[in-house]
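The listed protein sequences correspond, in order, to chains A and B.
With this note's numbering, letter number 68 in the first sequence gets 556, and the count goes up by one each step, no holes.
With this note's numbering, letter number 112 in the second sequence gets 600, and the count goes up by one each step, no holes.
Note sheet for the following structure.
Protein chains: 2
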Amino acid sequence: MNAPAPIDFWFDFSSPYGYLLAEQIDAVAAQHGRQVRWHPILLGVIFQATGSRPPAEGDSAKARYVAHDFHRSARFLGVPYNPPSRFPLPTQAAARAYYWLHGQDCALARRFAHAVYRAFFVDDRDISAPETVLDIAAGLGIDRAALAAALQTPEVKARLKDECDAALAAGVFGSPHVIIDGEHFFGADRLSQIERWLASGGF
Amino acid sequence: MNAPAPIDFWFDFSSPYGYLLAEQIDAVAAQHGRQVRWHPILLGVIFQATGSRPPAEGDSAKARYVAHDFHRSARFLGVPYNPPSRFPLPTQAAARAYYWLHGQDCALARRFAHAVYRAFFVDDRDISAPETVLDIAAGLGIDRAALAAALQTPEVKARLKDECDAALAAGVFGSPHVIIDGEHFFGADRLSQIERWLASGGF
């Protein structure tokens, strides 16, 4: 028998709901014998290409609600969360570092991704700064100089661009966006539908 | 002891996620000894005043996803759903009829609201037409001529306007929007958070 196809998990490191789902998705998939392929992408690129927008902008009633909902949804899921003082942030450095690491050691890349998300959404660190990304990597025993050099290479930059293109080609329009056997699930709040889909093979 | 305050449920009769929550909210509230006050409003007025927008517009990847998600979320919740052929629709007549009925008989108004939602999202009827609204009401034994006359009165028109103003004053920016003791929940997918909030008095 062939193993079931992996689940694709598209996210931006600056996406709070992406963080919430990142804390859950591997365990949920594993309960159903599935692996997850993580794909950090840049929401700015996705929004530009699709015309989609963030859940709320500016100082509106909806924007205040969404900020409150990030926090409440984290409590609901039992995930630690402290609202970052700078938000959103550009995430090129973190995403490029992820793909370079993934080429060396997938499991280490996964630990790095979790560490980046927690640095931003728990410890309020400025993950847009390449120095912060290198510090996070070094804390996991990754060669800081080798990563710093890799972040400058055309190959690593092209890989992130290719992933954003692949996301758009797959129909991704936001973060988090999960695709299971061609079925799309947008938002951390689709976790319960994802669980039933995996358990039932559709509903 | 005082009874706990009722829950406020704001919705537009043209909102699919409003329909999904309408099929659940009374039972969930009742399990926790709560009543629900239903408030049909006009999303056009809310969007105009708040700058909020519908979940997706036009023929984008997100719009196609949202249409698919309406249907899948209905199956997930066990609610019958057939995508209406005309969508969205203006809902002044249905909302005004609701408020007039509510002044006569709250329970009948609730049955009427369910019937309007099902007429639109199950039977694909054009609920924007006053004649359809009158037909739905007549099917529940409501005096058709009295309702037809009521829909033309300044009092009924003013009541709907007042409800939209009250929604805006309360911070409502979309549909469905639930407020429990000052806590806001936006979207049918917040039902599980609503349930935990009612069970725990917050989390």
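From the three backbone atoms N, C-alpha and C, an ideal C-beta is built for every residue, glycine too.
Bear in mind that the values here come from a model prediction, so they are computed numbers and not experimental data.
F600 (chain B) lies in the alpha helix (DSSP H); which residues open and close that run? C594 to F609
Taking the alpha-carbon positions, what's the Y553 (chain B) to A551 (chain A) distance? Looking at the backbone, the Cα of Y553 (chain B) and that of A551 (chain A) are separated by about 23 Å.
Between A:P618, A:N490 and A:V660, which has its C-alpha nearest V533 (chain A)'s C-alpha? The closest CA to that of V533 (chain A), considering only A:P618, A:N490 and A:V660, is found on A:V660.
Around the Cβ of P504 (chain B), are there at least 16 other Cβ atoms within 10 angstroms (buried) or fewer (exposed)? Answer is buried; the Cβ neighbour count reaches 16.
For V610 (chain A), which residues from the same chain have a beta carbon less than 8 Å from its beta carbon, with the 5 sequence-adjacent residues on both sides left out? The residues are P568, Y569 and N570.
Against chain A, does Q512 (chain B) count as a neighbour if the rule is that its beta carbon must be under 8 Å from one of theirs? No, no contact with chain A.
From which residue to which residue does the beta strand (DSSP E) around D496 (chain B) run? I495 to F499
Rounded Cβ spacing between Y586 (chain B) and A601 (chain B) (contact assumed at less than 8 Å): 6 Å
Can you tell me whether A520 (chain B) is helix, strand or coil according to DSSP? Contrary to the premise, residue 520 (chain B) reads as His rather than Ala in this sequence. Coil, per DSSP.
Tell me whether H520 (chain B) counts as near the ligand COA, meaning its Cβ is closer than 7 Å to at least one heavy atom of that ligand. As presented, the structure is devoid of all ligands, the ligand COA included, so that no description of it is given.
Decide if C594 (chain B) is buried, meaning its Cβ has at least 16 other Cβ atoms within 10 Å, or exposed. exposed
Where V644 (chain B) sits in the DSSP three-state scheme: helix
Can you name the start and end residues of the beta strand (DSSP E) that V666 (chain B) belongs to? H665 to I668
Could you check what DSSP says for R563 (chain B) in three-state terms: helix, strand or coil? helix
To the nearest angstrom, report how far apart S573 (chain B) and I529 (chain A) are at their CA atoms. Whole-angstrom Cα-Cα distance: 36 Å.
Would the stretch 603 to 621 of chain A count as touching the stretch 669 to 678 of chain A if we require 3 or more Cβ pairs under 8 Å? Taking a cut-off of 8 Å on C-beta distances, the stretch 603 to 621 of chain A does not touch the stretch 669 to 678 of chain A, as fewer than three cross pairs fall below it.
How is F535 (chain B) classed by DSSP in three states: helix, strand or coil? helix
Can you tell me whether P571 (chain B) is helix, strand or coil according to DSSP? coil
Could you tell me which residues DSSP pairs with L613 (chain A) in its beta bridges? Residue identity differs from the one stated: residue 613 (chain A) is Arg in this sequence, not Leu. Under DSSP, R613 (chain A) shares a beta bridge with no residue.
Please state if the CB of R613 (chain A) and the CB of A459 (chain A) are separated by a distance shorter than 8 Å. Past the boundaries of the shown model lies residue 459 (chain A); chain A is included only from 489 to 691, so the question cannot be answered.
Give me the subset of the stretch 667 to 680 of chain A whose CB atoms are less than 8 Å from a CB atom of chain B, sorted by chain position. Result list: H672, F674, G675, D677, R678 and S680.
Interface partners of S540 (chain A) on chain B, CB under 9 Å: A544, S548, A549 and K550
As a quick exercise: from B:W685, B:I668 and B:Q536, pick the residue whose alpha carbon is nearest that of I495 (chain B). B:I668
Could you work out which residues of chain B lie near Y553 (chain A), taking near to mean beta carbons separated by less than 8 Å? G659, F661, H672 and F674
For a quick check, are the C-beta atoms of A637 (chain A) and V604 (chain A) less than 8 Å apart? no
So, helix, strand or coil for F691 (chain A), using DSSP? coil
Contact check, V644 (chain A) vs W588 (chain A) under 8 Å by CB: the rounded distance? So it is a contact: roughly 5 Å between Cβ atoms.
Rounded to whole angstroms, how far is the Cβ of A655 (chain A) from the Cβ of W498 (chain A), which I believe are closer than 8 Å? The pair is a contact, with the Cβ atoms about 5 Å apart (cut-off 8 Å).
Exposure label - G506 (chain B); buried when at least 16 CB within 10 Å: buried
Within chain B, partners of F564 (chain A) - CB distance below 8 Å: S680, Q681, R684 and F691
When the Cα of P664 (chain B) is compared with those of B:P543, B:G591 and B:L639, which residue comes out closest? Residue nearest to P664 (chain B) within the set B:P543, B:G591 and B:L639 is B:P543 (criterion: CA-CA distance).
List the whole-angstrom C-beta distance separating F564 (chain A) from F564 (chain B), where the pair is believed to meet the contact cut-off of C-beta under 8 Å. Incorrect: roughly 18 Å between the Cβ atoms, too far for contact.
Give me the residue from B:L628, B:Q580 and B:F673 with the minimum Cα distance to L596 (chain B). B:L628
With a threshold of 8 Å between beta-carbons, can R560 (chain B) be considered close to chain A, or not? By this cut-off, R560 (chain B) is an interface position.
Helix, strand or coil for P528 (chain B), going by three-state DSSP, please let me know. strand
Helix, strand or coil, according to DSSP, for F673 (chain A) in the structure here? strand
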